[in-house]
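Have a look at the structure below, then the notes.
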Amino acid sequence: MTDLSPPAAPASAPKPPGNLRLLHLTDLHFLAGAGERMLGVDTDQSFVDTLRAALASGPSPDVVLLTGDLVQDPVPSAYRRLRERLRALPCPAYCLPGNHDDPELIEEHLVGDRVLFQSSFVVGGWQIICLDSTIPRLPFGRLGGKQLRLLESLLGQYPERHALIALHHHAVPSGSAWMDTMVLEDADRLFGLLAAHPRVRVVVCGHVHQAIDRMHQGIRMIATPSTCFQFKPLQVDFALDALPPGYRWIELRPDGGIETTLGRGRDIPEGLDFSSRGY
């Protein structure tokens, strides 16, 4: 089992009583074999380094949420290695698929030992809903009628609780033309449904490999950097950014308030190939 014990760090303030402390990680892109590189980056090692940095940065999480592209190569070996790393966490880890993932392989080779793959869970005064926005073998996203009906049903189960919705694809444009060809294509249907559910406070996603935090139709929209390589914002064509891997702490308050802190590792991953024109 991977040792994720953080290095000694100054004592940090405890979280306020009643708050739910969530660690958001995304776009890990594990490859078929340990030590293999993507765009010059050892994505396994970059994930381990980023997770250690996150765990050293404050009080332990209550929940870890991983929003897809868990692997780049959807093969059993990649999911099994990720499971070994997540087993070392001090709390449950909830996973959902991205466009590079295979949901059946997630179920078969990743789930277990507090690594979970389910559509909804409740912690304190919050309901966390995990949606599947993927279309097999396609880079853009779509919820479709089945996932939207599931969302409607799940929101009806806990009308007294605040809600966080998680999915892989971004539902609002990122501002990069090339990335926004891979947006959630039925976002209008999603927001039409959410308009009738004011207790939905925030939508969290991955996919864009950069930080986004804005309001849209009264809902907070949050994206978190990748644990490996980052995309340069506001670009017409694919371009890598010279930033370290990232993670995000999300504190969910009992009154529905949200506080978030973006964190990054210390260094740009060794070997990152800035000449790359895609992946």
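Per the UniProt record's numbering: the sequence shown ends with 279, consecutive numbering throughout.
Heads up, the beta-carbon is just placed ideally off N, CA and C, and yes, glycines get one too.
Annotation: the region 59 to 143 contains the following complete segments of the beta strand (DSSP E) (minimum length 3 residues), in chain order: 63 to 67, 93 to 96, 120 to 123 and 126 to 130. When rounded, the separation of the alpha-carbon atoms in residue 182 and residue 175 is 12 Å. Of 253, 265, 243 and 248, the smallest CA-CA separation from residue 274 is found for 243. Collapsing the DSSP output to three states places residue 187 in a helix. Under DSSP, residue 211 forms no beta bridge with any residue. Here the C-alpha atom of residue 57 lies approximately 14 Å from the C-alpha atom of residue 245. In the three-state reduction of the DSSP assignment, residue 267 falls in the coil class. Excluding five sequence positions before and after residue 111, the CB atoms of its chain that fall closer than 6 Å to its own CB belong to 117, given in chain order.
With contacts defined by Cβ atoms closer than 9 Å, residue 185 and residue 238 do not form a contacting pair. Around the CB of residue 122, fewer than 16 other CB atoms lie within 10 Å, so the residue is classed as exposed. Residue 97 sits buried, since 16 or more C-beta atoms from the chains shown fall within 10 Å of its C-beta. Its Cα nearest to that of residue 142, the residue 172 stands out among 250, 172, 251 and 37. Between residue 164 and residue 203, the CB-CB gap stays under 9 Å. Listed as beta-bridge partners of residue 205 by DSSP are 223. The C-alpha of residue 177 is placed about 6 Å away from the C-alpha of residue 235. Under DSSP, residue 47 takes part in no beta bridge, so it has no partner. Cβ-Cβ distances below 7 Å link residue 81 to 30, 34 and 44 in the same chain, with the five nearest sequence neighbours on each side left out; the list follows chain order. Contact check for residue 64 against residue 87 fails: the beta carbons are separated by 9 Å or more. Beta-bridge partners assigned by DSSP to residue 23: 64 and 249. Residue 27 sits close to residue 69, with the two beta carbons spaced by under 9 Å. Residue 54 sits in a helix when the DSSP states are folded into three classes. Closest by C-alpha distance to residue 161, out of 259, 254, 25 and 219, is 254.
For residue 32, no beta strand (DSSP E) run applies, since DSSP gives it neither H nor E. DSSP places residue 237 outside both helix and strand once states are collapsed to three, so it counts as coil.
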